[in-house]
Structures are given as structure tokens and as C-alpha cells.
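Here the sequence shown is numbered in the numbering used here, starting from 769 and rising by one per residue. Notes follow the structure.
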Amino acid sequence: MDTLTLTRPDDCHLHLRDGPALAAVLGDSARRFARAVVMPNLRPPLTTVAAAQAYRERILAALPAGSDFEPLMTLYLTEATPARELEAAKAAGMVGVKLYPAGATTHSDAGVRRVEAIYPQLETMQAIDLPLLVHGEVTDPAVDVFDREAVFIERHLAPLVARFPGLRVVLEHITTREGVAFVRAARPGVAATITPQHLSMNRGALFEGGLRPHHYCLPVLKREEHRAAVLAAALSGDPKFFLGTDSAPHPRGDKHSACGCAGIYSAHAGIELYAEAFEQAGALDRLEAFASHHGADFYRLPRNTGTLTLRRAPQAVPESLPFGDDRLVPLRAGGQLAWRLVE
Ligand code: NCD
Ligand code: ZN
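So this is what it looks like as C-alpha cells:
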């Protein structure tokens, strides 16, 4: 099988940034995905529906001519988010509300300090059926960085999911055996996104012949046994697991730094990387449900009607891409991809 045609996929976790950075990266996602759940961690964060709608307009204005890509907007949750903002988000067709523990990741400082402090907001979201999207890591410096997802699940997510039995919840970018086990065993309405890097790399990739800043993201890559569990979840056919690239572009200068920031750019190969991982596992036939059905079904959106075709043909990945005034180093820079998009 040298070509693969799928229902057009959706990216259920994407960072598009703003301004010249947005213009530089948007086409990569729009060529591959019909829709994307767009993260609200801009500076300043998108804490109001008005700000999110204005951002949506900027995304639409930056789209390549003729593109029908649809950004699905999210709201940035704070301890001060009023119920009326959540109601307005639902009415405006926003698909979810993002919980960033304060300090957990890029542009999360306006996030939530105490998960219990947002229980009133969760009450409202449960009542109006507005999903909660979770960056699931504790920020407690006493917890080892490789354990932060597992500890978040135990301390915060499990109690939250039990306390709000009608709330739909996505544990974003899962990285651990514990994350997989939690979601698999959880009640209906609990799901998880999976990135290409957590499917295909373990923490060894951070130190391959030297320090590798372009393999650094949050949650950080984990041990091989965790990668294997995340891959098994993606391949399982369980509709609780679906595609979310977490493509998170940063200027090269901010990655090549004494304090390099977290985020991996993968939108240039946003479906190709998954095709590779599924093929290597002998499960290419499982890709379509994972990439094109499960996310739409979770968000109660119609499945896309168009298709996307990939061809098995090696494709070189550039060392860097234009990114406003700077450059962007994509995942697999200088290497090859096994599949290429048929436009
Ligand atoms: C993301 C970013 O750069 O916005 N970084 C990352 O490492 N994934 C934020 C996030 O999703 O945690
Ligand atoms: Zn993200």
C-alpha cells in the first residue's frame, strides 16, 4: 500500500501563536487538518470570549486563499472566570475551557493556583456541557519533573472527575502509563489527546549525543515503557484517545538559550509523523479512527466529509523554516519523513 487516503483529520490540540508567527505556521496545519482545537495561551491569555473571537478572526484572515480550515476556539480558565463568560463561550460555539496549572508550562502564569478554587466554574461547565481541557501536571517543585503527570492525576484529576460526573474532560498530551490507565478506566466523557513526539520518542531523545532542545516539550518525554503505553493507547481503537499534535512553535533563539523554552513544532508533518508511527506498529488501518473520528465524536462535531491522501515517499525536513523575523526548527529537522502529503 503506497498511498493512504483518510477522512480529513482534526488536530485536537494546537498552538497557532499570533501575528507574523501565526502567518508563518498556519498553512502547515490548514493543509492537513480540517479543524483544530486552538490553545488560548497567548500573551495576554484569551480569558474572555471577546478576545478569543478577535483571535479567531485573525486566524481566518491569515489563512491561505481558498482554505476552509476551521479554528475551534478555547477559553483560558482562571480562578476569576465568571459564570457568564463560560455561558457566553458556550453560546459562541467555543469547544472547551483550558486549565493550566499556574507555572506548569509556556504562558501559564495567569492559570490556576489551586484546582479547588475553580470548582464553581466546573459546576457551571458541567451544567452547560462545556468541556474542560487539562494540562495535567503538578507544579509542586518537590515532585520530580518526570512524575508530575502521574501525581496530578492522583491529587487533582481523579477527585475532579469524580466530583463532576457530567463534565467532559480531556487530559491533554498524555505521556505516561498512569495517564493511559486513568483515561481507559475512567467514566465515559473522559478522553485524552496524544502527540506525535510522545508516540515516537522516549526521554533518551533529549540527550541523543548532546542536549537536544528541539525535543524538549511539556509534559517532558518519558521512559520507554511510558512511550510504549501511549503508543498502545493510540493503536487500541479506544475512542477515548485521539490526535492532538500540541505543535508549539518557538523562535529558534528562544530554544537555543540558557533557559530554552518548552514546545516542539510538528505541524509541518502533523499527520505524516503519526502515519509513520502507526505503520511501524503494523497498524496503519487504525490511523483514520484515531485522527479523524474519535476527536470529532468526543466534541460532538460532525465527522469531516473531505479526504486527505498520503503517499509513501521519503521527504526531507528542512533544518529550519521561516518564522517572522526569526527561524523555526521543526521536529525531525535535517532528517526524513517516510510519508508525504498529496496536495
Ligand atoms: C506549549 C507552548 O509552547 O505553548 N509547550 C509545550 O511544551 N507543549 C504549552 C503546552 O501545551 O504545555
Ligand atoms: Zn499544548
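Glycine included, every Cβ here is placed at the ideal spot set by N, Cα and C.
Taking a contact as a CB-CB distance under 8 Å, the pair Glu993 and Arg945 counts as one, their CB atoms being some 6 Å apart. Assignment of Phe950 by DSSP, reduced to helix, strand and coil, places it in the helix class. Check the Cα spacing between Glu847 and each of Leu979, Val919, Val880, Ala820: the tightest is with Val880. In this structure, the C-beta of Met841 stays at least 7 Å away from each heavy atom of the ligand ZN. Setting aside the 5 residues that flank it on each side, Arg991 is surrounded in the same chain by Asn970, Arg971, each with a C-beta closer than 7 Å to its C-beta; the list follows chain order. Under the three-state reduction of DSSP, Ile1039 is assigned to coil, being neither helix nor strand. Assignment of Tyr868 by DSSP, reduced to helix, strand and coil, places it in the coil class.
Among the bridge pairs identified by DSSP, Ile962 is matched with Leu1011. In the assembly as shown, Pro909 is an exposed residue. Its beta-carbon has fewer than 16 other beta-carbons within 10 Å. By the 16-neighbour rule on beta-carbons within 10 angstroms, Thr1073 is exposed. For Tyr823, the enclosing alpha helix (DSSP H) starts and ends at 817-830. Scanning the segment 1053-1081 for uninterrupted beta strand (DSSP E) segments of 3 residues or longer gives nothing; none is fully contained.
Secondary structure note for Arg776: it is in no beta strand (DSSP E), with a DSSP letter that is neither H nor E. If the five residues before and after Ile827 are omitted, its C-beta is found closer than 8 Å to the C-beta atoms of Leu784, Leu790, Leu794, Val806, Pro839, all from its own chain and listed in chain order.
Nearest in C-alpha terms to Leu774, of all of Glu905, Thr1075, Pro850, is Thr1075. About 6 Å separates the CB atoms of Ala1059 and Ile1039; that is less than 8 Å, so the two are in contact. Close CB contacts of Leu772 within its chain, under the 6 Å cut and outside five residues either way in sequence, are with Leu1078 (chain order).
Of the residues Glu884, Gly947, Glu1056, Ala996, the one whose Cα lies closest to the Cα of Arg916 is Gly947.
The beta carbon of Asn970 sits no closer than 7 Å to any heavy atom of the ligand NCD.
The criterion of a C-beta distance shorter than 8 Å is not satisfied by Lys858 and Val951. Here Val883 has His924 as same chain residues with Cβ atoms under 6 Å from its own Cβ, once five neighbours each way along the sequence are excluded. In the DSSP annotation of this structure, the continuous segment of the alpha helix (DSSP H) that includes Glu891 starts and ends at 887-896. Phe1091: member of the beta strand (DSSP E) spanning 1089-1091, first to last residue.
With distances taken between CA atoms, Pro850 lies nearest to Val865 out of Phe837, Arg1071, Gly861, Val865. Rounded to whole angstroms, Asp1006 and Arg955 show a C-alpha spacing of 13 Å.
With a cut-off of 8 Å on Cβ pairs, the segment 1044-1063 is not in contact with the segment 1088-1098, counting fewer than three such pairs.
From the listed residues Ala997, Pro812, Thr963, the smallest Cα separation to Phe1010 is found for Thr963. The C-beta of Leu979 has fewer than 16 other C-beta atoms within 10 Å across all chains shown, which makes the residue exposed.
In this structure, Gly1012 places its C-beta atom within 8 Å of the C-beta atom of His781.
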